Amino acid sequence: MILMSNVDFDADSFIESKLNEIREALGEGRALIAVSGGVDSTTCALLTRKAIGKNLLCVFIDTGLMRKGEPENVKRSLAKPPLKLPLKIIRARRSFMSKVRGLTDAEDKRKAFREAFYSTLAIVAEKEGCNWLIQGTIAPDLIETRGGVKTQHNVLEQIGIDPKKIYGFKVLEPISTLYKPQVRILSRRLGLPESACERQPFPGPGLLVRCVGEVKPGKLSVLKEVTDIVERAFASSGAQQYFAAVIDNRIADAPGEIVRTLKSTLQLHDEILNVKILQSQATGVRDGSRIYGRMVSILSPPEKSNPQTVLDRAIS
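Counting in this note's numbering, the sequence shown runs without a single skipped number right up to 322 at its last residue.
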């Protein structure tokens, strides 16, 4: 696999090359693509439709793990000019919730989601006579999954999973050599509106990965409401990414060693910190590798400290 830099990327040449590649691979066959409304899958759908026209079936899988009203909102926005991309909603909430029920580990949840995702697509593909699945997999998805940082649900063959044998379809990934900035360039060239081109990344498994610990209906409902509030509040802030997460309310006082380390890091040597250890575990990245452990929470900075200054030190 050859990855491209932004300097080397020529959207027009890429489109011409991929149109030929898609047509050669699929021939007269029908293809299926799951579109989430994000820039990766939408761009891939537009590119593939340009290649094979009505032989592409676009679906939105309603997992129950997306944001409030997302299935209908995505269908409505993609149906508008200039895209006019028809989308079929597949209702599969019960299947996904049964797969992730009782799971607390982030990787276990991602893998369960992957199984539910492809099992659902297999049913649709067989019913609709689709021999191919088109995926909007991009380079970071492959890098993160292969490197063990986190399992991306849209990576199969690269980790030894044979989709034809297990699910009954072959997989084609037209934009898998691209990074997000290049996908955005490509999306503009294919006519995607600017608001959609610059839409902030959202996890493939949806709110599943922002619901720390076990996913329960009440917990998920709270997360959907809070996500809506946060996204509305920050929409005009210019921030590159912002999101809400929900955790189980189980905390304990942090050991003295952790408090001392935080004081040193935040340069708050003479002040008292209210530091807690969250019992739920979450995924992080250290030196390019995945780590999984408990989170530390500073409930409030000392009164005479500037909260923004404390935050800046914590993330530096």
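The beta carbon of each residue, even a glycine, is placed where N, CA and C say it ideally should be. Here the structure is a predicted model, which is why all the values come from computation and not from measurement.
Counted as a single uninterrupted DSSP element, the stretch harbouring A98 is not any beta strand (DSSP E), since DSSP gives it neither H nor E. Secondary structure at R256: coil, using DSSP grouped into helix, strand and coil. For F123, same chain residues with a beta-carbon under 6 Å away, outside a window of 5 residues either side, are H159 in chain order. Rounded to whole angstroms, the separation of the alpha carbons of L274 and S125 is 52 Å.
Taking C-beta atoms as the reference points, C203 and I140 fail to come closer than 8 Å. Membership of R300 in the beta strand (DSSP E) is indicated by the continuous run 295-304.
Only residues of its own chain outside the window of five on either side were considered, and among them L192 have a CB closer than 7 Å to the CB of F20, listed in chain order.
A contact is defined here as three or more CB-CB pairs under 8 Å, and the stretch 46-64 meets this definition with respect to the stretch 19-36. Within the same chain, and ignoring the five residues on either side of G212 in sequence, the residues whose Cβ sits closer than 7 Å to its Cβ are T69, L71, M72. The stretch 280-293 and the stretch 251-260 touch, with no fewer than 3 CB-CB distances between them shorter than 8 Å. Beta-carbon to beta-carbon, F102 and C136 are separated by about 21 Å, too far to satisfy the 8 Å threshold. Ranked by Cα distance from L127, the options I95, K56, R152, T110 are led by I95. Setting aside the 5 residues that flank it on each side, K24 is surrounded in the same chain by L53, A57, P180, I181, each with a C-beta closer than 8 Å to its C-beta; the list follows chain order. The residue among L178, E163, A17 with its C-alpha nearest the C-alpha of E27 is L178. Under the criterion of beta carbons closer than 8 Å, A250 and R216 qualify as touching, at roughly 7 Å.
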